[in-house]
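One line per chain: the protein sequences are A and B, in this order. For the first sequence, numbering that gives the first Met the number 0 begins at 0 and goes up steadily by one. For the second sequence, numbering that gives the first Met the number 0 begins at 0 and goes up steadily by one. Working notes for the structure below.
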Amino acid sequence: MADKKSLIIIPAYNEEKAIGGVVAKACALGFHVVVVDDCSRDQTGRVAREAGAVVLRHPTNLGYGSGLQTGYRYALLNGYPDVVQLDGDGQHDPQGALDLLRTLRTGECDLVLGSRFLHSESYRVSGLRRLGQNYFIMLLRMFTGWRLTDPTSGFQAMTADVMRFYCTPIYPNDFPDANILMLLHRQGFRVREVPVRMHASQTGSMHSGLLRPAYYMIRMTLSFFIAMLLKLPTEHRK
Amino acid sequence: MTLKQSLFLVVFSFLFLIGIVQLVRSRRIREQYSLLWIGMSVMLCSVPFLLDEYVAIGSFIGIANPISILTFFAILTLFLLALQYTLSLTRSHRQRHEIAQQVALLEARVEELEQRLKKTDSQSVENDHE
């Protein structure tokens with residue numbers, strides 16, 4: 000069971016089918032849960048609230064990264080020393096949050112990534128998606144020296160220091176991915192991976208088709224190299 | 000440059016300048032965004048009077064024809080305007096995100112306080128009955 004000061008952040012957009020189950024499971028494990036409803040057109044907010052979550056609703060659709068950032072702001076405002084973030088589509092098993100937090104609280108790292116590829120029972124991605132992931136694994140290995148297996152994983156745990164860093168204007172609030180890992184590396188944060196079980200999404204993937212993943216890869220590559228040049232903020236340091 | 004061309008440039012840029020000033024006066028354009036437009040119309044207006052200087056600048060950067068010099072500077076100014084709008088758009092984008100995030104946080108806080116208030120009210124009603 001999680002202790003009383005453990006928060007799970009779930010950014011959600013049109014996830015009414017899966018969000019209730021995810022929130023209920025996280026609450027049953029003893030977590031406080033905050034769902035950031037990114038102006039969904041369905042009943043995501045209501046379902047999440049009924050399942051036991053605090054719901055923060057954006058008045059307009061701001062995107063995945065902004066949803067997470069709102070969650071970090073909430074966590075910092077309410078004094079949480081660390082948080083776990085996971086997706087609301089049922090892909091991430093809240094049970095894994097306990098493993099992430101346990102590793103984070105050893106104090107040996109600032110951010111823990113949940114890796115499906117280190118877990119024997121996770122579903123495996125195939126084809127183009129795997130190719131894209133290998134590409135970012137290679138980029139990160141080349142430029143940071145980090146040997147990660149699932150750098151695009153949205154299942155993460157982090158300290159308040161990392162959250163404060165994420166609440167500065169440097170945060171890529173459209174889609175934080177390999178680019179944010181590059182920024183963490185430059186800022187001197189320590190990252191580790193732990194195995195987590197992941198399921199197939201219950202609501203479909205945004206990376207389906209051919210053009211969108213290709214566009215995403217080009218955009219993320221540009222963002223990755225820009226992250227190497229960005230002026231790092233200082234205001235998040237205590 | 001012929002007299003006709005000079006006259007057209009002066010009249011056009013003068014009318015353009017008046018139009019911009021009117022838009023600023025009626026607050027339909029913010030002053031900060033009007034600066035480049037005003038600069039552009041002043042530059043256009045000054046061309047017939049400072050033609051030799053423009054030709055000198057043009058030949059310095061390798062443009063011989065006065066009209067081409069004018070076109071070059073007009074395009075340059077448009078690039079600057081586009082850059083200014085991109086900067087402004089980026090700033091507005093960030094501000095919009097921050098405001099929306101604050102609204103979400105405040106709404107949740109208001110909801111929490113309302114629930115607390117309701118609880119306190121019902122408790123005090125119960126106490127009154129006792």
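All C-beta atoms in this analysis are idealised placements derived from N, C-alpha and C, irrespective of residue type, glycine included.
Which chain B residues are close to T167/A, counting only those with a beta carbon under 7 Å from its beta carbon?
As a working mapping, residue 167/A is identified with position 168 in the first sequence. Under the 7 Å cutoff, chain B gives no residues; its nearest Cβ is about 11 Å from T167/A.
Between P212/A and chain B, is the shortest Cβ-Cβ distance under 7 Å, so that the two count as touching?
Along the first sequence, read from residue 1 onward, the residue named residue 212/A stands at position 213. Closer than 7 Å: no.
Suppose only complete runs of 4+ residues qualify. What are the alpha helix (DSSP H) ranges in the region 39-63 of chain A, listed by chain order?
43-50
Decide if M192/A is buried, meaning its Cβ has at least 16 other Cβ atoms within 10 Å, or exposed.
Taking the first residue of the first sequence as 1, we reach residue 192/A at position 193. For clarity, residue 192/A is Glu in the given sequence; the question names Met instead. Result: buried.
Since C26/A contacts V32/A with CB under 8 Å, what's their CB separation in whole angstroms?
Numbered from its first residue, the first sequence carries residue 26/A at position 27. Numbered from its first residue, the first sequence carries residue 32/A at position 33. About 6 Å; that satisfies the 8 Å criterion.
Taking the DSSP output, what are the residues bridged to H31/A?
Walking along the first sequence from the start, residue 31/A turns up at place 32. L6/A.
Alpha-carbon to alpha-carbon, R185/A and R218/A:
Mapped onto the first sequence, residue 218/A falls at position 219. Mapped onto the first sequence, residue 185/A falls at position 186. Spanning the two alpha carbons is a distance of roughly 20 Å.
Neighbour list for V102/B in chain A, Cβ cutoff strictly below 8 Å
For this step, residue 102/B is matched to residue 103 along the second sequence. By Cβ distance, chain A contributes H57, P58.
Would you say A63/B faces chain A, with C-beta separation under 7 Å as the test?
Position 64 of the second sequence holds residue 63/B. Closer than 7 Å: no.
By the 10 Å Cβ neighbour count, where 16 or more other Cβ atoms means buried, how is A63/B classified, buried or exposed?
Locating residue 63/B in the second sequence gives position 64, counting from the first residue. That one is exposed.
Closer than 8 Å at the beta carbon, the chain A residues around E106/B
As a working note, residue 106/B is residue 107 in the second sequence. Correct list: L55, R56.
Compare the C-beta of S222/A against all C-beta atoms of chain E and say whether one is closer than 7 Å.
Structure shown: chain E not included; protein chains present are A and B.
Does L61/A get closer than 7 Å to chain B when you measure Cβ to Cβ?
Your numbering for residue 61/A matches position 62 in the first sequence. Yes - at least one Cβ of chain B is within 7 Å of the one on L61/A.
Extent of the continuous beta strand (DSSP E) run through V83/A:
Here residue 83/A corresponds to residue number 84 of the first sequence, with the count starting at 1. Unbroken beta strand (DSSP E) run through V83/A: 81-84.
What does DSSP give as the partner residues of G113/A in its beta bridges?
Within the first sequence, the letter at position 114 stands for residue 113/A. V193/A.
Expressed to the nearest angstrom, what Euclidean distance is found between the alpha-carbon atoms of I28/B and L35/B?
Mapped onto the second sequence, residue 28/B falls at position 29. Mapped onto the second sequence, residue 35/B falls at position 36. Taking the straight line from one Cα to the other gives about 12 Å.
Quick check on I136/A: buried or exposed, where buried means 16 or more other Cβ atoms within 10 Å of its Cβ?
Residue mapping note: residue 136/A aligns to position 137 of the first sequence, counting from 1. Buried, because 16 or more other Cβ atoms sit within 10 Å of the Cβ of I136/A.
Local Cβ density within 10 Å of T43/A, reported as buried at 16 or more and exposed below that
Against the first sequence, residue 43/A aligns to sequence position 44. Result: buried.
Residues, ordered as in the chain, of the region 36-47 of chain A that lie near chain B by beta-carbon distance below 9 Å:
D36, C38
Tell whether a beta-carbon distance below 7 Å holds between L100/A and A156/A.
In the first sequence, the residue the question calls residue 100/A occupies position 101. In the first sequence, the residue the question calls residue 156/A occupies position 157. Contact: yes.
Please report the distance separating the alpha-carbon of A99/B from that of P168/A.
On the second sequence, residue 99/B is found 100 positions in, with the first residue counted as 1. On the first sequence, residue 168/A is found 169 positions in, with the first residue counted as 1. If I take the Cα positions, the gap works out to 15 Å.
Taking I17/B as the reference, which of G38/B, T1/B, S5/B, G57/B has the closest Cα?
Along the second sequence, one-based indexing puts residue 17/B at 18. Out of G38/B, T1/B, S5/B, G57/B, G38/B has the C-alpha closest to the C-alpha of I17/B.
How do the region 80-98 of chain A and the region 6-25 of chain A stand: do at least 3 beta-carbon pairs fall below 8 Å, yes or no?
yes
Cβ separation of V41/B and E30/B, assumed to be a contact under 8 Å, to the nearest whole Å:
By one-based count along the second sequence, residue 41/B stands at place 42. By one-based count along the second sequence, residue 30/B stands at place 31. Not quite, the Cβ-Cβ distance comes to about 15 Å (not below 8 Å), so this is no contact.
For the beta strand (DSSP E) containing A103/B, name the first residue and the last one.
Along the second sequence, read from residue 1 onward, the residue named residue 103/B stands at position 104. No beta strand (DSSP E) holds A103/B; the alpha helix (DSSP H) holding it covers 65-128.
Leaving aside the five residues before and after G95/A along the sequence, list all residues of the same chain whose C-beta is less than 7 Å from its C-beta, in chain order.
Here the question's residue 95/A lines up with position 96 in the first sequence. Around G95/A: G113, F154, V195, R196.
V9/B to P47/B span [Cα, whole Å]:
The sequence position of residue 9/B within the second sequence is 10, counting from 1. The sequence position of residue 47/B within the second sequence is 48, counting from 1. Answer to the nearest angstrom: the Cα atoms are 8 Å apart.
Under 9 Å from the C-beta of R93/B: neighbouring residues of chain A
By 1-based counting over the second sequence, the position of residue 93/B is 94. Within 9 Å Cβ-Cβ: P168, N172.
Which of the residues in the region 66-83 of chain A, read from start to end, lie with their CB under 8 Å from any CB of chain B?
Q68, T69, R72, Y73, L76
Thinking C-beta only, is I8/A closer than 7 Å to G70/A?
Along the first sequence, read from residue 1 onward, the residue named residue 70/A stands at position 71. Along the first sequence, read from residue 1 onward, the residue named residue 8/A stands at position 9. Against a cut-off of 7 Å, the Cβ pair of I8/A and G70/A comes out as a contact.
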